[in-house]
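Colleague: Numbering (this note's numbering), first residue to last: 4 to 269. Yeah, the Cβ is synthetic: ideal placement off N, Cα and C, and Gly gets one too.
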């Protein structure tokens, strides 16, 4: 891998971005750039600390960030081409290409919100592993969380109602995506969606359920406590006490006392 010189890298990514109106050519030039900076031996500082099933060049993050900056400039100038570029990047079974697709999608203008949400729905069903979920959570989708929360919540509901646990997991990961920033305001809908899982929490889904409860407890501790108390007072709730004990430390002291008393009397 050659040394990274910022001025040279900026010129290289600008040349790649000149093909923004021709997605197929853009992808070929991007892959050529990724191959130039490929690092198959260095481990610290990888874009994806989570092992990925996708092909990866282990491209240093500064290279991807500079490429993204060049593509964002073009997307602002030519929003009509931006969706096609996102699709072209995602169609490659290469981690860096999909990372760029996710981050570029997060920067598209408001008028493309509906199309962006549709892309997210499709891409989430194609997520090969956890590595791209990190990219999805790290990308700045604040505008989409604000303006398309109903559609995104609807997709989460659709997956959570499935019987297949992999589909349910997608719904939970989408909820975590919604809760990542403070832009999402419809917390009551999230409490309704997860209510059944506060009573019965299948073992493979417990890490996701606990992640969601942690995020909710930090954003809305009183309402989260009330949801757990409601589950505790329901019938057929074999897993509620376990969930409460696991999440107890995330609550303020007064809420912890209330939950402990409820556990003792249940």
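Is the segment 142–151 touching the segment 102–109, taking contact as three or more C-beta pairs under 8 Å?
Modeller: Cβ pair count under 8 Å is three or more, so yes.
Colleague: Could you say which of 95, 201 and 186 lies nearest to residue 245 if we only look at CA atoms?
Modeller: Here the question's residue 245 lines up with position 242 in the chain shown. Checking every option, the nearest Cα to that of residue 245 belongs to 201.
Colleague: Which value, in whole angstroms, describes the spacing of the CA atoms of residue 103 and residue 113?
Modeller: For the purposes of this step, residue 103 is taken as residue 100 along the chain shown, with counting starting at 1. For the purposes of this step, residue 113 is taken as residue 110 along the chain shown, with counting starting at 1. Going from the Cα of residue 103 to the Cα of residue 113 covers about 19 Å.
Colleague: Give the C-beta separation of residue 17 and residue 73 to the nearest angstrom, bearing in mind that I take them to be a contact with Cβ-Cβ under 8 Å.
Modeller: Position 14 of the chain shown, counted from the first residue, corresponds to residue 17. Position 70 of the chain shown, counted from the first residue, corresponds to residue 73. Confirmed, Cβ separation roughly 5 Å.
Colleague: Between the C-alpha atoms of residue 172 and residue 253, what's the straight-line distance to the nearest angstrom?
Modeller: On the chain shown, position 169 is the one that residue 172 refers to. On the chain shown, position 250 is the one that residue 253 refers to. Cα-Cα distance, rounded: 23 Å.
Colleague: Could you give the residue range of the alpha helix (DSSP H) that holds residue 7?
Modeller: One-based indexing of the chain shown puts residue 7 at position 4. Premise fails: residue 7 is in no alpha helix (DSSP H) and is neither H nor E.
Colleague: Can you check the segment 134–196 for any beta strand (DSSP E) of at least 3 residues that lies completely inside it and give the ranges in chain order?
Modeller: If we require 3 residues or more, the segment 134–196 turns out to have no beta strand (DSSP E) run fully inside it.
Colleague: At 4 residues or longer, and completely inside the segment 38–102: list those alpha helix (DSSP H) runs for me, N to C.
Modeller: Entirely contained in the segment 38–102, the alpha helix (DSSP H) runs reaching 4 residues are, in chain order, 64–80 and 82–93.
Colleague: Any chance the segment 92–101 sits against the segment 27–36, with 3 or more Cβ pairs inside 8 Å?
Modeller: A contact exists between the segment 92–101 and the segment 27–36.
Colleague: For residue 58, I'd like the list of residues in its chain whose CB is within less than 8 Å of its CB, leaving aside the five on either flank, ordered along the chain.
Modeller: As a working note, residue 58 is residue 55 in the chain shown. Only 96, 97 and 98 meet the Cβ criterion.
Colleague: Measure the alpha-carbon distance for residue 86 versus residue 125 and round it to whole angstroms.
Modeller: For the purposes of this step, residue 86 is taken as the residue at position 83 of the chain shown. For the purposes of this step, residue 125 is taken as the residue at position 122 of the chain shown. Taking the straight line from one Cα to the other gives about 13 Å.
Colleague: Using the Cβ count rule (16 or more neighbours within 10 Å means buried), how would you classify residue 169?
Modeller: Mapped onto the chain shown, residue 169 falls at position 166. The residue in question, residue 169, is exposed, as its Cβ has fewer than 16 Cβ neighbours within 10 Å.
Colleague: Please report how far the alpha carbon of residue 79 lies from the alpha carbon of residue 61, in whole angstroms.
Modeller: Position 76 of the chain shown, counted from the first residue, corresponds to residue 79. Position 58 of the chain shown, counted from the first residue, corresponds to residue 61. Each residue's Cα considered, the two are about 28 Å apart.
Colleague: Residue 213 and residue 262: beta carbons closer than 9 Å?
Modeller: Within the chain shown, residue 213 is the residue found at index 210, counting from 1. Within the chain shown, residue 262 is the residue found at index 259, counting from 1. Contact: no.
Colleague: Can you say whether residue 47 is buried or exposed, counting buried as having 16 or more other CB atoms within 10 angstroms of its CB?
Modeller: In the chain shown, the residue the question calls residue 47 occupies position 44. The predicted position of residue 47 is uncertain, since its pLDDT is 45 and thus under 50; a value taken from the coordinates is nonetheless stated next. With fewer than 16 other Cβ atoms within 10 Å, it is exposed.
Colleague: Using only CA atoms, which one of 163, 100 and 203 lies nearest to residue 135?
Modeller: Numbered from 1 along the chain shown, position 132 holds the residue referred to as residue 135. When only C-alpha atoms are compared, the closest one is 100.
Colleague: Excluding the five sequence neighbours on either side, which residues of its own chain have a C-beta within less than 8 Å of the C-beta of residue 266, listed in chain order?
Modeller: On the chain shown, position 263 is the one that residue 266 refers to. Counting only Cβ-Cβ distances below 8 Å, and skipping sequence neighbours, we find 235, 244, 247 and 248.
Colleague: Considering just the uninterrupted stretch of the alpha helix (DSSP H) at residue 255, what are its terminal residues?
Modeller: Here the question's residue 255 lines up with position 252 in the chain shown. Element bounds for residue 255: n/a, residue is neither H nor E.
Colleague: Thinking C-beta only, is residue 29 closer than 9 Å to residue 20?
Modeller: Here residue 20 is taken as the residue at index 17 of the chain shown, counted from 1. Here residue 29 is taken as the residue at index 26 of the chain shown, counted from 1. Yes, these two residues count as a Cβ contact at 9 Å.
Colleague: Can you tell me whether DSSP reads residue 242 as helix, strand or coil?
Modeller: Taking the chain shown and counting its residues from 1, the one referred to as residue 242 is at position 239. Note: residue 242 maps to coil in three-state DSSP.
Colleague: Among 141, 81 and 138, which has the Cα closest to the Cα of residue 115?
Modeller: Counting from 1 along the chain shown, the entry for residue 115 is found at position 112. With distances taken between Cα atoms, residue 115 lies closest to 81.
Colleague: Among 66, 207, 84 and 76, which residue has its Cα nearest to the Cα of residue 25?
Modeller: Counting from one through the chain shown, the residue named residue 25 turns up at place 22. Ranking the options by Cα distance to residue 25, first place goes to 84.
Colleague: Hey, quick one: how far does the alpha helix (DSSP H) through residue 204 stretch, first residue to last?
Modeller: The residue labelled residue 204 in the question sits at position 201 within the chain shown. Premise fails: residue 204 is in no alpha helix (DSSP H) and is neither H nor E.
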